[in-house]
Each structure stands twice: as C-alpha cells, then as structure tokens.
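>
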Ligand SMILES: [Fe+2]
Ligand SMILES: [Fe+2]
C-alpha cells in the first residue's frame with residue numbers, strides 16, 4: 078500500500094496538470110461566449126484555476142516533487158483542444174463537462190487534505206480545503222447554467238455535492254481541528270470571486 082505522502086504527491090501532480098488543462102479550456106470557453114456576465118465569471122474561474130496551479134506547484138516544490146512532464150504536455154493539448162472546440166460546439170456540452178469535472182475536483186482536494194494531514198504536512202490542509210471550496214463554487218455555477226438550457230434541464234446530472242460547509246465539517250469530524258496554514262499568506266489565498 079502506498080504511504081500518505083506518496084498519495085499526496087500523486088494527487089498534487091494530477092491536480093497541477095489538471096489545473097493547466099482546465100485553465101486553457103476555460104479561456105477558450107469564455108472567449109467563445111457573447112453574454113457579458115457569463116464571460117466575466119468564466120474568465121474569473123480561469124484565473125482561479127491558474128491560482129490553484131501556483132499553489133499546488135508550491136506544495137510540490139516543498140515536497141521535493143516535480144510535475145509529470147508527459148501529463149503537462151497532454152494537459153496543454155487537451156486544454157487547448159477543448160478551448161477551441163467551444164467555438165463550434167455550442168455552450169451546453171462544455172458547461173456540462175466543466176460541472177462534472179469540478180465536482181471531481183472538490184473530492185480531489187478534500188482527499189489531498191487528508192493525505193497531507195496524515196503525512197505530517199498539516200500546513201497544507203487549510204489551503205487544500207480552501208481550494209476544494211472554490212471548486213465547489215465552480216461546480217455550483219456550471220450546474221445552474223446547465224439547468225437553464227432547454228435540453229440541459231432534462232439531462233441526468235452528476236451527483237449533487239454535499240453542502241459547502243461539509244468540506245470543513247467532515248474534516249473536523251475525521252481529523253480534528255484544521256491546522257494553521259503557516260506557509261500561505263491571506264493574499265495568496267484570496268480568490269477573485271471572494272472580492273466580488
Ligand atoms: Fe482548480
Ligand atoms: Fe475549478
């Protein structure tokens with residue numbers, strides 16, 4: 078069985094490249110849209126994915142791990158291809174795909190927080206839970222958009238995530254108080270959507 082620190086590195090490497098693909102895909106996505114408010118929110122989501130990538134990159138560095146080069150390359154190709162496809166596919170498909178992916182990201186950061194705690198990296202926990210909360214907001218946004226589409230409203234959706242408060246509450250129950258963040262400043266953890 079892999080150790081918690083191996084699992085943490087594995088998830089962070091996946092997330093690091095996943096954020097790159099997501100950021101490129103969202104860039105293509107908002108640029109393909111006409112509605113000003115939707116464009117602005119997805120542009121903001123793009124910038125939050127870049128911010129996640131920076132934070133995850135810092136953690137990898139502190140763990141002495143490097144991103145996976147093949148996965149990085151693949152992320153650029155996948156992200157840019159998806160971004161380009163948004164210009165021809167209409168908006169339902171990319172929004173549906175994004176919502177489903179975002180719900181997976183919530184779980185991914187919650188799991189990473191647990192591995193961090195169990196491998197003596199308590200200082201990462203708050204930041205990882207914070208990113209899970211930001212992904213939770215992204216999921217909520219795309220779910221609501223899909224529901225406004227005539228066809229989307231009739232599609233079976235991915236499971237509804239637990240309420241946002243559950244992200245910290247379940248951690249508290251399983252692992253106790255959330256440790257202090259220590260190596261990330263408030264500024265580094267201020268996401269664009271918080272300032273709105
Ligand atoms: Fe993200
Ligand atoms: Fe996201």
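In this note's numbering, the protein residues as written are 78 to 273.
C-beta: ideal position from N, C-alpha, C; glycine also.
All of these numbers come straight from a predicted model, not from anything done at the bench.
Mind reading off the beta-carbon distance from residue 160 to residue 105? Whole number of angstroms is fine, and I expect it under 8 Å.
In the chain shown, residue 160 corresponds to position 83, counting from 1. In the chain shown, residue 105 corresponds to position 28, counting from 1. Between residue 105 and residue 160 the Cβ distance is about 2 Å, and since that is below 8 Å, they are a contact.
> Classify residue 185 as helix, strand or coil using the three-state DSSP reduction.
Locating residue 185 in the chain shown gives position 108, where the first residue counts as 1. Helix, per DSSP.
> Would residue 232 be called buried (16 or more neighbouring beta carbons within 10 Å of its own) or exposed?
Counting from 1 along the chain shown, the entry for residue 232 is found at position 155. Residue 232 is exposed by the Cβ-count criterion.
> Please state if the CB of residue 117 and the CB of residue 270 are separated by a distance shorter than 8 Å.
Mapped onto the chain shown, residue 270 falls at position 193. Mapped onto the chain shown, residue 117 falls at position 40. Their beta carbons are not under 8 Å apart, which means residue 270 does not touch residue 117 by this criterion.
> For residue 127 versus residue 100, is the C-beta spacing smaller than 8 Å?
Walking along the chain shown from the start, residue 127 turns up at place 50. Walking along the chain shown from the start, residue 100 turns up at place 23. Against a cut-off of 8 Å, the Cβ pair of residue 100 and residue 127 comes out as a contact.
> How about residue 265 and residue 132: are their beta carbons less than 8 Å apart?
Residue numbering aside, residue 265 sits at position 188 when the chain shown is read from its first letter. Residue numbering aside, residue 132 sits at position 55 when the chain shown is read from its first letter. Yes, the Cβ-Cβ distance between residue 265 and residue 132 is below 8 Å.
> Can you tell me whether residue 172 is buried or exposed? The criterion is at least 16 other CB atoms within 10 Å of its CB, across all chains shown.
Sequence index remark: in the chain shown, residue 172 carries index 95 (1-based). With 16 or more other Cβ atoms within 10 Å, it is buried.
> Could you check what DSSP says for residue 115 in three-state terms: helix, strand or coil?
Mapped onto the chain shown, residue 115 falls at position 38. It is helical.
> Which same chain residues end up closer than 7 Å to residue 84 when comparing Cβ atoms and leaving out the 5 residues on each side of it in sequence?
What you label residue 84 is simply residue 7 of the chain shown in a count that begins at 1. These residues qualify, in order along the chain: 192.
> With a Cβ-Cβ cutoff of 8 Å, do residue 93 and residue 144 count as a contact?
To locate residue 93, count along the chain shown from 1; it is residue 16. To locate residue 144, count along the chain shown from 1; it is residue 67. Taking 8 Å as the Cβ cut-off, residue 93 and residue 144 qualify as a contacting pair.
> What are the boundary residues of the alpha helix (DSSP H) that residue 219 is part of?
As a working note, residue 219 is residue 142 in the chain shown. First-last of the alpha helix (DSSP H) with residue 219: 202-224.
> Would you kindly report the start and end of the unbroken alpha helix (DSSP H) that includes residue 249?
Walking along the chain shown from the start, residue 249 turns up at place 172. Its alpha helix (DSSP H) spans residues 243-252.
> Around the Cβ of residue 182, are there at least 16 other Cβ atoms within 10 angstroms (buried) or fewer (exposed)?
As a first step, residue 182 must be located in the chain shown, where it is residue number 105. Here residue 182 is buried, its C-beta having at least 16 other C-beta atoms within 10 Å.
> Rounded to a whole number of angstroms, what is the C-alpha to C-alpha distance between residue 261 and residue 228?
The sequence position of residue 261 within the chain shown is 184, counting from 1. The sequence position of residue 228 within the chain shown is 151, counting from 1. One C-alpha to the other measures close to 43 Å.
> Would residue 237 and residue 248 be called neighbours here (beta carbons separated by less than 8 Å)?
Taking the first residue of the chain shown as position 1, residue 237 is located at position 160. Taking the first residue of the chain shown as position 1, residue 248 is located at position 171. No. Outside cutoff.
> Would residue 206 pass as a contact of residue 245 if the rule is Cβ separation under 8 Å?
In the chain shown, the residue the question calls residue 206 occupies position 129. In the chain shown, the residue the question calls residue 245 occupies position 168. Yes, the Cβ-Cβ distance between residue 206 and residue 245 is below 8 Å.
> Any heavy atom of ligand 2 closer than 7 Å to the Cβ of residue 122?
The residue labelled residue 122 in the question sits at position 45 within the chain shown. It does: the Cβ of residue 122 is within 7 Å (strictly closer) of some heavy atom of ligand 2.
> CA-CA distance, residue 108 and residue 222?
Within the chain shown, numbered from 1, the residue matching residue 108 stands at position 31. Within the chain shown, numbered from 1, the residue matching residue 222 stands at position 145. Spanning the two alpha carbons is a distance of roughly 17 Å.
> Return the CA-CA distance between residue 284 and residue 165, expressed in angstroms with no decimal places.
Residue 284 cannot be examined here, being either before or after the span of the chain that is shown, 78 to 273.
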